[in-house]
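Novice:
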Amino acid sequence: MLPVESPVTTETLRVGSELAAVLATTEETNGDLFAVELRMPPGGGPPVMHRHAPSEIYQVLSGEFTFYITGDDGVTARRVARAGETVTMAGNTPHTVRNESNEDAVAFQVHAPGGPMEGFTRSAARLAADHTPTIEEVLTIAQRNGIELLGPVPHVGSA
138 MLPVESPVTT
148 ETLRVGSELA
158 AVLATTEETN
168 GDLFAVELRM
178 PPGGGPPVMH
188 RHAPSEIYQV
198 LSGEFTFYIT
208 GDDGVTARRV
218 ARAGETVTMA
228 GNTPHTVRNE
238 SNEDAVAFQV
248 HAPGGPMEGF
258 TRSAARLAAD
268 HTPTIEEVLT
278 IAQRNGIELL
288 GPVPHVGSA
C-alpha cells in the first residue's frame, strides 16, 4: 500500500451558518486548488447569486443541495443534487447553492484556481469570529477576492 498523508487535525472555518473543513489549501497546491468538506444546515447557503473566475465542483456526500445556475442564455435553472451526485460549474457562471431540505447537507467542494474562494472564506470567517458582518463588509471582502454578488436568487422551476 502507498502511504497516504492524513492530517491529525483539520482546520474548520465558519462562514455564515456553513462549516468548511479545509482539505487542501492553495499553499499546499501551488495555488491550483482550495478543497473543503462543506457542511450546510437546513436553510443555509449564500443568500444571493454570485460569480467568480474559478471553476467549482461539488460531490454531494449526504443530504441534498439545491443549485441555481444561470446559463449562457441568461436563464436560471434550479437543480437538486443528492448524495452521490456531482455538480460542476465553469468559472464566471452566475450561481448559488442552498440547502432547501430539512437535514444537514455535506459535500466535497473544490475551487480551481483556489485563491479567490480561499481568500474570501478565510476573511469572512475571521470577520464573523469578531462580530456579525454587515452587508457592506461582506461586499468588500467579496470584491477584494474577485467575487461579484449579483442579487437575489430568482424564482425558477426544477431542472
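Take this note's numbering: the last position of the sequence shown gets the number 296, and nothing is skipped along the way. Just so you know, even glycine gets a beta-carbon here, dropped at the ideal spot from N, CA and C. Everything numeric in this text was worked out from a predicted model, so none of it was measured.
Check the DSSP bridge columns for R259 and list the partner residues they point to.
Specialist: Answer is none; R259 lacks a bridge partner.
Novice: Which value, in whole angstroms, describes the spacing of the CA atoms of V293 and P253?
Specialist: Roughly 28 Å between the two C-alpha positions.
Novice: Helix or strand or just coil, what does DSSP make of V234?
Specialist: In the structure shown, V234 sits in a strand (DSSP, three-state: E or B).
Novice: Answer yes or no: do L156 and R188 have a C-beta to C-beta separation smaller than 8 Å?
Specialist: No, the Cβ-Cβ distance between L156 and R188 is not below 8 Å.
Novice: Less than 8 Å between the CB atoms is what I'm expecting for F257 and N282, so what's the real figure, rounded?
Specialist: Yes, they are in contact, since the Cβ atoms of F257 and N282 sit about 4 Å apart, within 8 Å.
Novice: So the candidates are E255, S192, V290 and T233; which of them puts its Cα closest to the Cα of E165?
Specialist: That would be E255, whose Cα lies nearest to the Cα of E165.
Novice: Going by C-alpha distance, which of M186, S192 and P178 is nearest D169?
Specialist: Of the listed residues, the one whose Cα sits closest to D169 is S192.
Novice: Do T162 and M186 count as a contact pair if the criterion is CB distance below 8 Å?
Specialist: It is not a contact, given that the beta carbons lie outside the stated cut-off.
Novice: Taking three-plus beta-carbon pairs below 8 Å as touching, is the region 225-242 in contact with the region 260-277?
Specialist: Segments in contact, no.
Novice: Tell me the rounded alpha-carbon separation between T223 and R215.
Specialist: Distance between the alpha carbons of T223 and R215: 15 Å.
Novice: Give me, in chain order, the residues of the same chain whose beta-carbon lies closer than 7 Å to that of P250; leave out the 5 immediate sequence neighbours on both sides.
Specialist: Excluding sequence neighbours, P250 sits near G168, D169 and P191.
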